[in-house]
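K.L.:
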Amino acid sequence: MIFLNYFISGISLGSIYAIIALGYTMVYGIAKMLNFAHGDVIMVGGYICFYAVARYGMNPFLGVAVAVVGCTLLGIIVERLAYKPLRQAPSLAVLITAIGMSYFLQNTALLLWSSNPKVFPSIIERGSFKLFDGRLSVSHVTVLTIASCLVIMGVLTLFISKTRLGKAMRACSEDKGAAQLMGINVNATISMTFAIGSGLAAIAGALLCSAYPTLMPTTGSLPGIKAFTAAVFGGIGSVPGAFLGGLMLGVIEIFAKAYISSQLSDAVVFAVLIVVLLVKPSGLLGRNIQEKV
Amino acid sequence: MTRKKTKYVPVPSKSILPERDASRAPVLECINLGITLGGIKAVDNFNLTVGRTEIVGLIGPNGAGKTTVFNLLTKVYQPTTGTILLDGKDTHGMSTIQVNRAGIARTFQNIRLFKNLSVADNVKAAMNNEMHYNMLSAILRLPNYKREEIAAHRRTLKLLSIFDMQGVADVPAGSLPYGAQRRLEIVRALATNPSVLLLDEPAAGMNPSETAELMDSIRKVHEMFQIAIILIEHDMSLVMNICDGICVLNFGQVIAKGTPDEIQSNPAVIEAYLGRRKEEPKS
Amino acid sequence: MTMKRLINLKRAEARKIYLTYAVVIAAYIICQVMSSTGLFSSSMRGMLVPICAYMVMAVSLNLVVGILGELSLGHAGFMSVGAFSGVASAILMQGTITNAPLRLALAMVIAAIFAAIAGFLIGIPVLRLKGDYLAIVTLAFGEIIKSILNNFYLGMDSEGIQISMITDTTRLLKGGRLIIRGPMGISGIQKIATFTAGFVLLMIALMIVFNLVNSRSGRAFMAIRDDRIAAESIGLDITKYKMMAFVMSAAIAGAAGALFAMNYSTIVANKFDFNTSILILVFVVLGGQGNMLGGIIAAAVLTILPEKLREFSEYRMLLYAVVLIVMMLATNNAEVKSFLAGLNPFRRKEAA
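Chains as they are written, first to last, in the working numbering: chain L, 4 to 296; chain G, 246 to 528; chain U, -10 to 341.
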């Protein structure tokens, strides 16, 4: 039963990773860049939600909606200012810029909101469902997290396969030049992808802070890196891969904490990333792309 | 260096030319070479035998699979079928690096120079495998470092002089004009001491006088080094003038092989590639 | 023919190398004079060794980022390995080698060896990857090194060296000493690092990197950086040369770590985290990738400046972030680049 408990918390944590990983994977699939600042967008989302709910007394779900809008705007601005001018630049330069952006967001947050941790109010009532005569308890937040992840996955899959914009996104990720010739506005599509990814990050931020209710300017960085690991694990660029990678990483992390050592759990997570990349350099569901000669 | 008079005698099977250098075995043989890329047979059943000092032209319309053949020969792609024999030795399982050490060097269709390195360093980088001093000698500037570096520098200047490029030895390769970049790629390939030199569209983007100059240079290289050269080219005058034999590819298949004269009068080639009237080759 | 003419050090390039040595030597002499005549505040004197260590780190990372063209985001990890192995060995040698400078030198050599081994072990998996993936995996390794050192215990007693992981199970005999104490790190370090040692290490690091760059290995590194496919086509063993650069860089970083650590009485693994890796990357990027002198100057300025502008210290990281972004935009945006190219007379001639 303890095993099942760990498993459920693993899935719950993994669901958050999966939502964050979606942002990484979509942006990588289209812009071929690692948006290192993605984790910090989560943090900003958490703060917006915190202030909306705790300071202005908004309904928690309205608070999340405000955070989504705020992060979407943030994503668009960041993309416009820092990444768009570097479309043709080498990937090293883009990566360094993204790291710079990550630092920028973290330190702006530090100046605005100080380094004191804020206690995040849960977006839903705290409590838990008791199963098997109370031997297994699943908190409301856990249920909400897993449910949100499933809904987001479903909606996003439909969006990508059915809508005009979704098709444009797929076309851009296949071949930007050809997409442009077919009349797709590639720049707008890339910006749109950033916007969607950042909006998802806001939801992830609210869920993350509900599950682990301390909010600091650095809250987003480690989950961000781990979610990136999840995206790579699943095969970066692949939406189902991000989902699968996120869940697996969550479970691995919780099990490592429980059965190996809580201090070494991060090391285990990163070791998993390394092993996966060695065995399957393009991740579990990723496609291997060969450079044209 | 004077050119050895090669004796041509008829060889029946698979060869590109009816006549060839019979005193030695062919330097390169492709037998039933094929590769499937993305479900499409990019090259299929490709057979080619190249004599030790032959210049072979590989022509065909865009997308015919010419560069893919080069990529197979240099193991950028591993062939799905067939065999490549270099000096009679199977290159199966070799990497690009090993094939180069075994004697195949190439240039690229879209120039791939080490842009930030000087012209001389581009050439010296290609001599890496014949230099033997280790890292410690380099850091401490030991005598064997100095000796080998001096030798490499002399050889670099000599190679550059083929194309009259000694003067720009210290200029960054990326700042050279286009034509000079193409020539530098050839020098770099030669610096690895190849027995087969693959030139991928060496005259692309050159004007007629530059092309004529290039033609002379290729001849000169051939005379000096006595090596086999395979070249992909769209410039028919260059191909017809310089090549001993020509191989025509279309849709990954060889549609004709022979001497320039034979190719020019081959109806299948005219049909598929040169257009209906042979006086006006379509480019 | 003189060696200089033969070995194709382009004159400008050679000048740059001599200039770098000259600047470092001049800076050393000036600092020595100022510090012996009491012109330096005690805080400034205390910063001399860390500045040297960061300069060496900048040179070390520049070998990977600027010369080899791969991004390492875990360089602090090598510094950390060097710091811990160096300090631990210095403590172990305390009884046998009483000459402090000699002990420091030996500790730095041992640190370099340990860091090189770490670099090699990490390099085996990492260097099979490319670009972004390689960068992320170096980050992962940096974090793994930090986690491991945070859970590592090493003690010494009459029976020899005892080690354990996660919890302290070394059970040292009486008179034994627990040297590395997990998250508490090492304390009670003898501060034997000196400014002169830092200067010597920097000169050695520069000599290694410059001489390597102007050798067949260095040409191979840069060829791989400029065009991997072309490098393969001329028979360069990509993995071997990447490994060489990586291990050499790790070794230099390890020595710098030992130097750095022996300037403090206590050292913990968390000091060498991702932020430190990024800080070193900022030195390299700000100084210009591949430009050793630039990286050295950036390291000095960015270490001294925050101390001098204490009231603005909370803006320091924000400033770093802006510096990174602006530098990247300025050097990689096509419009800005063509603007700069227009100012360059050589390029204009070519276009005409």
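Think of the CB as a built atom: it goes at the ideal place given N, C-alpha and C, for glycine as much as any other residue.
1) DSSP three-state call for residue 354 of chain G: helix, strand or coil?
2) Measuring only between beta-carbons, confirm whether residue 221 of chain U sits less than 7 Å from chain L.
3) Could you please give me the residues that DSSP links to residue 273 of chain G through a beta bridge?
4) Quick check on residue 266 of chain G: buried or exposed, where buried means 16 or more other Cβ atoms within 10 Å of its Cβ?
5) Can you look up residue 157 of chain L in the DSSP assignment and give me helix, strand or coil?
6) Measuring CB atoms only, is the region 195 to 205 of chain U touching the region 168 to 176 of chain U, in the sense that at least three cross pairs come out at less than 8 Å?
7) Report all residues from its chain with a CB closer than 6 Å to the CB of residue 175 of chain L; omit the five preceding and five following residues, and keep chain order.
8) For residue 200 of chain G, go through chain U and note every residue whose CB falls closer than 9 Å to its CB, in chain order.
9) Per DSSP, what are the beta-bridge partners of residue 170 of chain U in this structure?
10) Just checking my contact of residue 344 of chain U with residue 48 of chain U at CB under 8 Å: how many whole Å lie between their CB atoms?
11) Which chain L residues sit within Cβ distance under 8 Å of residue 39 of chain U?
12) Is the Cβ of residue 276 of chain U closer than 7 Å to any Cβ of chain L?
13) Is there a Cβ from chain U that is less than 7 Å from the Cβ of residue 366 of chain G?
14) Are any of the Cβ atoms in chain U nearer than 7 Å to that of residue 103 of chain L?
15) Find the nearest neighbour of residue 253 of chain L within the set L:7, L:13 and L:91, judged by alpha-carbon distance.
16) Mind checking residue 403 of chain G: buried by the 16 CB within 10 Å criterion, or exposed?
17) With 9 Å as the limit, tell me which residues of the region 17 to 42 of chain U have their beta carbon closer than that to any beta carbon of chain G; keep them in chain order.
18) Please report whether the beta-carbon of residue 515 of chain G lies at a distance below 7 Å from any beta-carbon of chain U.
19) What's the gap between the Cα of residue 472 of chain G and the Cα of residue 298 of chain G?
20) Hey, would you say residue 275 of chain G sits closer than 7 Å to residue 292 of chain G, going by beta carbons?
21) Alpha carbon to alpha carbon, how far is residue 257 of chain L from residue 160 of chain L? Give it in angstroms, no decimals.
22) Please report how far the alpha carbon of residue 202 of chain L lies from the alpha carbon of residue 26 of chain L, in whole angstroms.
23) Report the start-end ranges of each alpha helix (DSSP H) in the region 152 to 237 of chain U that is 4 residues or longer and not cut off at the edges.
24) What's the C-alpha gap between residue 508 of chain G and residue 515 of chain G?
25) Report the residue from U:87, U:134, U:91 and U:290 whose alpha carbon sits nearest the alpha carbon of residue 39 of chain U.
26) Hey, how far is the Cα of residue 405 of chain G from the Cα of residue 263 of chain U?
27) At a cut-off of 6 Å, is residue 413 of chain G close to the ligand SAH when judged by its beta-carbon and the heavy atoms of the ligand?
28) Hey, how far is the Cα of residue 367 of chain G from the Cα of residue 501 of chain G?
29) Taking residue 50 of chain U as the reference, which of U:64, U:34, U:251 and U:140 has the closest Cα?
30) With a cut-off of 7 Å, does the C-beta of residue 510 of chain G fall near any C-beta of chain U?
31) Using a C-beta cutoff of 7 Å, does residue 209 of chain U count as contacting chain G?
32) Provide the residue span of the beta strand (DSSP E) that contains residue 266 of chain L, from first to last.
33) Is residue 81 of chain U near residue 238 of chain U, with beta carbons less than 7 Å apart?
34) Between which two residues does the beta strand (DSSP E) containing residue 246 of chain L stretch?
35) Would you mind stating whether residue 187 of chain U and residue 161 of chain U have Cβ atoms separated by less than 7 Å?
36) When we look at the beta-carbon of residue 72 of chain L and count the other beta-carbons within 10 Å, is it buried (16 or more) or exposed?
P.N.:
Based on what the coordinates show:
1) coil
2) no
3) Answer is G:295 and G:331.
4) Note on residue 266 of chain G: pLDDT 49, under 50, position unreliable in the model; the coordinate value appears next. That one is buried.
5) helix
6) no
7) 33, 182, 189 and 192
8) Any question about residue 200 of chain G goes unanswered here, given that chain G covers just 246 to 528.
9) Residue 170 of chain U pairs with U:142.
10) The shown model of chain U, from -10 to 341, leaves out residue 344 of chain U, and the question about it has no answer.
11) Chain-ordered listing is empty here: chain L has no CB closer than 8 Å to the CB of residue 39 of chain U, the nearest sitting near 21 Å.
12) Using beta-carbon distances, residue 276 of chain U does not count as an interface residue toward chain L, since no partner is under 7 Å.
13) Against chain U, the CB of residue 366 of chain G has a partner CB under 7 Å away; the residue lies at that interface.
14) yes
15) L:13
16) exposed
17) none
18) no
19) 5 Å
20) yes
21) Straight-line Cα distance between these residues: approximately 27 Å.
22) 9 Å
23) 184 to 202, 205 to 215 and 217 to 222
24) 8 Å
25) The residue with the shortest Cα to Cα distance from residue 39 of chain U is U:290.
26) Cα to Cα, residue 405 of chain G sits roughly 47 Å from residue 263 of chain U.
27) The ligand SAH is not among the ligands present in this structure, which contains no ligands whatsoever.
28) Looking at the two C-alpha atoms, the distance is approximately 37 Å.
29) Considering only U:64, U:34, U:251 and U:140, the residue with the shortest C-alpha distance to residue 50 of chain U is U:64.
30) no
31) yes
32) Run containing residue 266 of chain L: none; DSSP gives neither H nor E here.
33) no
34) Following the DSSP letters along the chain, one finds residue 246 of chain L in no beta strand (DSSP E) but inside the alpha helix (DSSP H) bounded by residues 242 to 258.
35) no
36) exposed
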